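Those letters in the sequence shown? Residues 53 to 445, by our numbering.
Remarks on the structure that follows.
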Amino acid sequence: MSIAEKMAGFVASSSWIRKMFEEGARLKSIHGSDNVYDFSLGNPCIPPPPAFRRYLKSIVENEAPGVHAYMPNTGYAHVRKSVAEFITREQGAKITENDVIMTCGAAGGLNIILKAIVNPGDEIITPAPYFVEYGFYADNHGGQLVPVKTRSDFDIDIEAIERAIGEKTAAVLINSPNNPTGRVYPEKTLGALGDLLREKSRTIGRTIYLLSDEPYRKITYDGIAVPSVFKYYSNSFIATSHSKDLSIPGERIGYVAVNPEADEKEMLLQAMALANRILGFVNAPAIMQRVVGGLQGEHVDISEYARKRDILCNGLADFGFRFVPPDGAFYLFPQSPVPDEIEFVKALQEERILAVPGSGFGTPGYFRLSFCVEDRTITDALPGFERAFKRFK
Ligand SMILES: Cc1ncc(COP(=O)(O)O)c(C=O)c1O
């Protein structure tokens, strides 16, 4: 075999994603893309805020010497400063530019954190359902992802996390607002998680880190705010990006912030800066750093996503679907009306509706709908959702 065995295995185990993609392409080629209702992708459909284009233009037009040169692996100091000031205002923790590293998206950020803290054989615990790529990220650094089921309302099950923690635990990785459930973990849960990690770190005799993956932080509904992990646990990191809040996932820009109170903070920062370089990112894209440095606090019009959420949730609730309404992000994770959700996802495909099976997020029996689509896609798909549901009731 000419490719690495592990990668061959990964490709094979993710083949359902490819199958879904191929089925979507097949349906679109037969019926036209307007007649296929694609809820499978988490690709933002709302344009970036107007300030993005204005800022990008002015940066390109005012090009100073050396603007395309190598830079510190952590990113431009003035950009990190503007990010740090924003986090300080938003989350109340005193962050300086030295606590921030600019990264290639949240994915790049999570990988530099894991590179800095994971030894071979270490475990990274994550509440399930979870973003499928976490398993690959953990493996990139010789770690093993340990999914732990959430409660029925998708909040973290603290007792279950407690049972999963052991001598190999390097970190707990949470994602709020969550992909795929839309759940925002409340203050009380983060408080309990912080207490647990302090206690376990002490009794086991190693620092268990808390990693908070937050690319959807600014996309919340009904006035819900995302609590800061920095307030509840000192050995913590935030990894985030502007992929979703500015609708620019193709530009690969995000950052990591380390809790200013973390033990061994300086070592961690040095390790992550080096990781940025040697994982091949070197540094986050220069132009995009400058752009987002001037756009801290800006975001897309969240009311657009709120409206889409309401159209979808009200429609599905009327037909009898059961789900926890999302607090944030742009995903809905309903229960399948049959235990084998693949069967239901296939029934949806017969209605030209594309959804992702919950097994892809470590949680069979559910399916994920991304509602970052045009309103028309949702309203036109509703009769198909009803017909598919009725087949199983
Ligand atoms: C939960 C979660 N984490 C991380 C990422 C990766 O984000 P980025 O594209 O900013 O690297 C995504 C992308 O969809 C995501 O949903």
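Glycine included, every Cβ here is placed at the ideal spot set by N, Cα and C.
All of these numbers come straight from a predicted model, not from anything done at the bench.
Using a Cβ-Cβ distance under 8 Å, would S295 count as near chain D?
Protein chain content of the structure displayed is limited to a single chain, and chain D is not contained in it.
Could you check if D265 belongs to the surroundings of ligand 1, using beta carbon to heavy atom distance under 7 Å?
D265: yes, Cβ under 7 Å from ligand 1.
What residue range does the beta strand (DSSP E) around L421 cover?
Following the DSSP letters along the chain, one finds L421 inside the beta strand (DSSP E) bounded by residues 419 to 422.
Return yes when the C-beta of P301 is under 7 Å from any heavy atom of ligand 1, and no when it is not.
Yes, since a heavy atom of ligand 1 falls inside the 7 Å radius drawn around the Cβ of P301.
Span of the alpha helix (DSSP H), counted from its first residue to its last, around F289
No alpha helix (DSSP H) contains F289, which is instead part of the beta strand (DSSP E) from 288 to 293.
Cβ atoms of V236 and I177: under 8 Å apart, would you say?
Judged by their CB atoms, I177 and V236 are not nearer to each other than the 8 Å cut-off.
In this structure, how does DSSP classify Y89 when only helix, strand and coil are distinguished?
It is a strand residue.
Have a look at V344 and V334 and give me their C-alpha separation to the nearest angstrom.
V344 and V334: Cα-Cα distance of roughly 18 Å.
Taking 7 Å as the cut-off, does the CB of P183 come closer than this to any heavy atom belonging to ligand 1?
Looking at the sequence provided, one finds Phe at residue 183 rather than Pro. Yes.
From F396, I217, K442, F385, pick the residue whose C-alpha is nearest to that of P229; which is it?
The alpha carbon of P229 has as its nearest neighbour, out of F396, I217, K442, F385, the alpha carbon of F385.
Rounded separation between V376 and P232 - CA only
Between the C-alpha atoms of V376 and P232 there is a straight-line separation of about 11 Å.
With a threshold of 16 other CB atoms inside 10 Å of the CB of I82, please say whether the residue is buried or exposed.
Label assigned to I82: exposed.
Complete alpha helix (DSSP H) runs within the stretch 152 to 225 (minimum length 4 residues, chain order)
When DSSP assignments are scanned along the stretch 152 to 225, the uninterrupted stretches of alpha helix (DSSP H) that are 4 or more residues long and fall wholly within it turn out to be 157 to 169, 185 to 192, 210 to 216.
Could you spell out where the beta strand (DSSP E) holding A103 opens and where it closes?
In the DSSP assignment, A103 falls outside any beta strand (DSSP E) and within the unbroken alpha helix (DSSP H) covering 102 to 113.
Applying the 10 Å Cβ sphere with the 16-neighbour rule, what's the burial state of Y285?
Here Y285 is buried: its Cβ has 16 or more other Cβ atoms, across all protein chains shown, within 10 Å.
List the residues that DSSP assigns as beta-bridge partners of N227.
BP columns for N227 point to D265.
When DSSP labels each residue in this structure, what does A309 get in the three-state scheme?
It is a strand residue.
Host alpha helix (DSSP H) of N328 (start-end):
Segment 317 to 330, the alpha helix (DSSP H) holding N328.
Comparing the CB of N231 with every heavy atom of ligand 1, is any distance shorter than 7 Å?
Residue side-chain check: N231 places its Cβ nearer than 7 Å to a non-hydrogen atom of ligand 1.
Can you find a heavy atom of ligand 1 that lies under 7 Å from the Cβ of S295?
Checking every heavy atom of ligand 1 against the Cβ of S295, one is found closer than 7 Å.
Thinking P99 and S299 are a contact (beta carbons under 8 Å), I'd like their distance in whole angstroms, please.
At roughly 6 Å, the Cβ-Cβ gap stays under 8 Å, so P99 and S299 are in contact.
Beta-carbon proximity check, S422 vs F91, cutoff 8 Å:
Yes, the pair counts as a contact, with Cβ atoms nearer than the cut-off.
Taking I256 as the reference, which of I213, I217, N287 has the closest Cα?
Distance check between I256 and each of I213, I217, N287 places I217 closest, using alpha-carbon atoms only.
From P378, G118, F282, M340, residue whose alpha carbon lies closest to that of D274:
Nearest of P378, G118, F282, M340 to D274, Cα basis: P378.
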